[in-house]
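K.L.:
My questions all concern the structure below.
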Amino acid sequence: MSEVAHKETHGFQTEVKQLLQLMIHSLYSNKEIFLRELISNASDAADKLRFKALENSALFENDGEVRVRVSVDKEANTITISDNGIGMTRDDVIEHLGTIAKSGTKEFFGNLTGDQAKDSQLIGQFGVGFYSSFIVADNVTVRTRAAGLSTDRGVQWQSAGEGEFSIADIEKAERGTDVILHLKEEEKEFLDEWKVRSIITRYSDHIGIPVEMYKEGTPEQEVEDGDNIPATEGGWEAINKGTALWTRDKSDISDEEYKEFYKSVAHDFDEPLKWVHNKVEGKTEYTSLLYIPKRAPFDLWNRDVKHGIKLYVQRVFIMDEAEKFLPSYLRFVKGLVDSNDLPLNVSREILQDNKATQAIRNGNVKRVLQTLTRMADNSPEDYAIFWKEFGNVLKEGPAEDFSNKEKIAKLYRFASTHADTAEQNVSLDDYIGRMKEGQEKIYYITADTFSAAKNSPHLEVFRKKGIEVLLMSERVDEWMMSHLTEYSEKQFQHVAKANTDLSEMDDEETKKAHEEAEKEFQSFVERAKAALGDKVKEVKVTHKLTDSPAVITTDEHDMNTQMLKLLEAAGQPLPETKYIFEVNPEHALVKRVADESDEAAFKEWVEVLLDQATLAERGSLDNPADFVTRLNKLLVKVS
């Protein structure tokens with residue numbers, strides 16, 4: 001080993017310390033993944049070198065054969081994973097091995113429970129990468145040199161996986177990185193070459209470059225009655241197939257190989273729910289291998305993080321997070337595209353308006369939506385897992401992908417008044433199949449919570465008539481519905497809109513009774529309008545209520561309460577919106593107020609009714625103290 005110089009000691013980022021401790025104690029049943037993760041990192045380093053060398057062949061340093069080598073040293077008690085890829089500079093080492101740059105870190109640690117089995121699944125979603133080394137090692141040394149730098153620009157990183165790590169300058173003749181694991185006493189099984197070979201075959205057979213181990217030579221052997229068996233020389237031998245998995249025929253790839261490839265490409269040790277592998281020929285030639293994960297990553301909702309799949313061109317790695325090959329509402333998809341119709345020096349700017357890119361994107365969208373549809377139809381349990389994790393992301397679809405709006409909406413699942421639980425398992429096709437005779441619209445309501453939606457007074461007449469209503473309580477729902485106006489030629493209707501009308505489903509006797517009630521309460525409506533003034537847009541009699549005295553609604557073209565809340569939360573200016581005040585002529589309290597001859601008392605009662613309706617709709621009042629004072633005053637009078 002070369003002499004070490006200019007050594008410095010640094011402290012780990014706090015999150016790294018926590019993650020190391022969690023992995024050491026939570027992933028004891030998944031020890032072997034350290035080898036998969038380190039080989040995958042080494043392969044990525046080789047891919048990045050090949051891409052950069054397209055413009056600067058000098059980076060190969062007269063050695064264009066990239067590979068990964070794994071070696072064990074029983075005397076030193078070490079296992080080493082070496083690559084001759086892109087390597088790292090001193091700054092790279094500090095950035096990549098001393099911090100967790102991945103976003104979502106805070107949320108990740110906030111979700112940890114202390115239960116080792118549950119936490120191991122969370123760590124799997126977060127991604128383990130290089131730090132998995134410490135599952136089996138009590139000390140790790142990394143020796144690296146960036147391609148193109150002089151041999152005296154090598155860097156050595158060393159840590160026991162506790163509070164700190166050291167950085168030193170070293171001489172390193174070969175470009176690339178060596179990760180040397182000093183194994184714990186109880187982990188000596190990983191010094192068994194046959195075991196290591198079997199792990200590589202299992203986890204890393206798909207790696208597109210050779211993963212090699214050293215094979216000892218054999219001396220010449222004498223045999224009876226024949227020629228001697230000649231001696232063989234020792235040398236490095238490839239353990240994996242060395243063929244990129246996605247280039248192989250689908251019939252030759254086992255489910256286990258697909259699953260292991262996913263774990264490597266997604267840095268996840270949970271298995272995927274589904275995958276789709278396609279080779280497309282014609283005007284645009286490409287191969288895609290796309291996976292639907294089982295769990296959402298912690299940075300799924302972070303707008304600053306790039307999401308996308310890996311891009312290869314003619315089997316040469318080009319970029320991670322190639323976001324142009326899938327729309328944002330499918331950003332949960334993992335996998336890759338390998339194109340024959342893009343230039344090897346392709347950049348994100350070239351992808352922007354490239355016809356081949358658009359063709360590949362359209363093909364990928366079609367296949368993902370088909371896969372999800374088949375899952376929903378044939379594997380409802382798997383689809384329920386998917387919807388729980390990614391349903392809210394899919395709800396961005398109608399705004400982003402108008403041409404596939406119907407196909408996306410078919411995949412949606414909602415809670416509804418058809419059941420008492422908050423479980424989202426009602427499809428739009430289910431709903432339409434249960435529509436009442438004479439019902440023309442799909443009715444829904446949006447609210448802050450499932451409980452608020454379920455108990456809204458707007459639902460009273462729908463329960464009375466046995467009409468199902470979809471209950472939406474996710475923040476994205478109101479925004480989604482502003483872009484999803486119909487499905488299967490059925491219009492959507494928010495039940496809190498003033499134009500919600502079920503009178504077509506009433507019999508003649510009921511219609512006549514409603515007309516008489518409206519005539520009878522005409523004077524009440526006029527008095528209420530005068531009492532409320534410009535606080536409301538309109539006062540009217542309603543027949544939508546059975547138990548509540550009043551509700552507030554909005555005009556057909558005005559914003560709903562939930563949309564106004566979204567704008568307010570985002571700091572956006574709010575349009576002026578006045579509610580329509582609708583009163584129930586059958587309610588005892590409304591009848592009591594209608595009989596009030598004192599105009600001052602009448603005004604107080606009408607304002608209380610309005611405040612109650614506003615509270616039920618919005619969950620808050622602009623002036624709650626005024627409401628309490630007015631209510632207490634009226635209660636004292638009544639008593």
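The opening position of the sequence shown corresponds to residue 1 in UniProt numbering, with each subsequent residue numbered one higher. The beta carbon of each residue, even a glycine, is placed where N, CA and C say it ideally should be.
I'd like to confirm the pairing. Which residues does DSSP put opposite Leu470 in its beta bridges?
P.N.:
Answer by DSSP bridge pairing, in chain order: Ser416 and Tyr444.
K.L.:
Is there contact here, the segment 445 to 465 with the segment 365 to 381, by at least three beta-carbon pairs under 8 Å?
P.N.:
The segment 445 to 465, when compared against the segment 365 to 381, does not touch it at the 8 Å Cβ threshold.
K.L.:
Identify whether His96 lies in helix, strand or coil by the three-state DSSP scheme.
P.N.:
If DSSP states are grouped into helix, strand and coil, His96 belongs with the helices.
K.L.:
Do the segment 333 to 341 and the segment 305 to 314 meet, that is, are 3 or more Cβ pairs less than 8 Å apart?
P.N.:
These segments touch.
K.L.:
Residue range of the alpha helix (DSSP H) that Met375 falls in?
P.N.:
Unbroken alpha helix (DSSP H) run through Met375: Lys355 to Asn378.
K.L.:
State the DSSP-derived secondary structure class of Gly176, mapped to helix, strand or coil.
P.N.:
Note: Gly176 maps to strand in three-state DSSP.
K.L.:
Apply the 10 Å Cβ neighbour rule to Trp194 and answer buried if 16 or more other Cβ atoms are within range, or exposed otherwise.
P.N.:
It is exposed - the Cβ of Trp194 has fewer than 16 other Cβ atoms within 10 Å.
K.L.:
Which class does Gln439 belong to by DSSP, given the choice of helix, strand or coil?
P.N.:
Three-state result, Gln439: coil.
K.L.:
Can you give the Cα-Cα distance for Ser427 and Asn499, rounded to whole angstroms?
P.N.:
So the two alpha carbons sit approximately 25 Å from each other.
K.L.:
Restricting to Cα atoms, I'd like to know which of Gly234, Glu256, Phe261 and Trp236 is closest to Trp246.
P.N.:
Closest by alpha carbon: Phe261.
K.L.:
How about Trp246: is its C-beta nearer than 8 Å to some C-beta of chain B?
P.N.:
Absent from the structure: chain B. Only one protein chain is present.
K.L.:
Would you identify the three-state DSSP class for Trp236, choosing helix, strand or coil?
P.N.:
Strand, per DSSP.
K.L.:
DSSP on Leu344, reduced to helix/strand/coil?
P.N.:
The answer is coil: DSSP assigns Leu344 none of H, G, I, E or B.
K.L.:
Give a yes or no on contact between the segment 381 to 390 and the segment 348 to 361, applying the rule of three or more CB pairs nearer than 8 Å.
P.N.:
These segments do not touch.
K.L.:
Can you say whether Phe581 is buried or exposed, counting buried as having 16 or more other CB atoms within 10 angstroms of its CB?
P.N.:
Phe581 should be labelled buried.
K.L.:
Might you give, ordered along the chain, the residues of its own chain that have their beta carbon closer than 8 Å to the beta carbon of Thr78, omitting 5 neighbours on each side?
P.N.:
Answer for Thr78: Val72, Ile180, Leu181, His182 and Leu183, listed in chain order.
K.L.:
Out of curiosity, what's the CA-to-CA distance linking Glu400 and Leu394?
P.N.:
About 10 Å.
K.L.:
Apart from the five residues just before and just after His587, which ones in its own chain have a Cβ nearer than 6 Å to its Cβ?
P.N.:
Pro549.
K.L.:
Under a Cβ-count criterion, where at least 16 other Cβ atoms within 10 Å of its own Cβ denotes burial, should His267 be classed as buried or exposed?
P.N.:
Buried, since its Cβ has 16 or more Cβ neighbours within 10 Å.
K.L.:
For Ala530, count the other beta carbons within 10 Å of its own beta carbon; 16 or more makes it buried, fewer makes it exposed. Which is it?
P.N.:
Ala530 should be labelled exposed.
K.L.:
Where does Ser613 sit, in a helix, a strand or coil, going by DSSP?
P.N.:
Here residue 613 turns out to be Ala, not Ser, going by the sequence shown. Here Ala613 sits in helix by DSSP.
K.L.:
If you draw a straight line from the C-alpha of Gly154 to the C-alpha of Arg90, how long is it?
P.N.:
Distance between the alpha carbons of Gly154 and Arg90 is about 8 Å.
K.L.:
Which same chain residues, not among the five before or five after Arg69, have their C-beta less than 6 Å away from its C-beta?
P.N.:
Answer for Arg69: Ser82 and Glu212, listed in chain order.
K.L.:
Flag this pair as touching only if the segment 519 to 533 and the segment 468 to 478 have three or more C-beta atom pairs under 8 Å; answer yes or no.
P.N.:
The segment 519 to 533 is not in contact with the segment 468 to 478.
K.L.:
Which of the three DSSP states, helix, strand or coil, is assigned to Ser254?
P.N.:
Looking at Ser254 - three-state DSSP - the assignment turns out to be coil, as it is neither helix nor strand.
K.L.:
In this structure, does DSSP put Ala453 in helix, strand or coil?
P.N.:
Ala453: helix per DSSP, three-state reduction.
K.L.:
Throw me the rounded Cβ distance for the Ser482 and Met563 pair, which I believe falls under 8 Å.
P.N.:
With a Cβ gap of about 7 Å, Ser482 and Met563 count as contacting.
K.L.:
Got a sec? Which residues, its chain only, sit under 6 Å from Thr561 by beta carbon, not counting five neighbours each side?
P.N.:
Correct list, in chain order: Glu617 and Arg618.
K.L.:
Go through its chain and collect everything with a Cβ distance to Lys102's Cβ below 6 Å, but skip five positions before and after it.
P.N.:
Because the pLDDT at Lys102 is just 46, under 50, the model does not fix this residue reliably, and the value given afterwards should be weighed accordingly. The answer is none, since no qualifying residue turns up.
K.L.:
Residues in its own chain within less than 7 Å of His514 by CB, not counting five upstream and five downstream?
P.N.:
Result list for His514: His543, in chain order.
K.L.:
Among Lys274, Ile318, Lys436 and Thr357, which residue has its Cα nearest to the Cα of Glu285?
P.N.:
Nearest option by C-alpha distance: Thr357.
K.L.:
Write down the C-beta distance between Arg484 and Pro398 rounded to the nearest angstrom, noting that I regard them as a contact closer than 8 Å.
P.N.:
It is Leu, not Arg, that sits at residue 484 in the sequence shown. Indeed they touch by this definition, with Cβ atoms about 4 Å apart.
K.L.:
Got a sec, what are the start and stop residues for the beta strand (DSSP E) Lys511 sits in?
P.N.:
It is not in any beta strand (DSSP E) - Lys511 instead sits in the alpha helix (DSSP H) that spans Glu508 to Glu520.
K.L.:
Let me know if Ile33 comes out buried or exposed under the rule of 16 or more other beta-carbons within 10 Å of its beta-carbon.
P.N.:
So Ile33 ends up on the buried side.
K.L.:
Per DSSP, what kind of secondary structure is Leu428 in: helix, strand or coil?
P.N.:
DSSP places Leu428 in helix when its eight states are reduced to three.
K.L.:
Taking the CB atoms as reference points, tell me whether Pro585 and Val541 lie closer together than 8 Å.
P.N.:
Yes, these two residues count as a Cβ contact at 8 Å.
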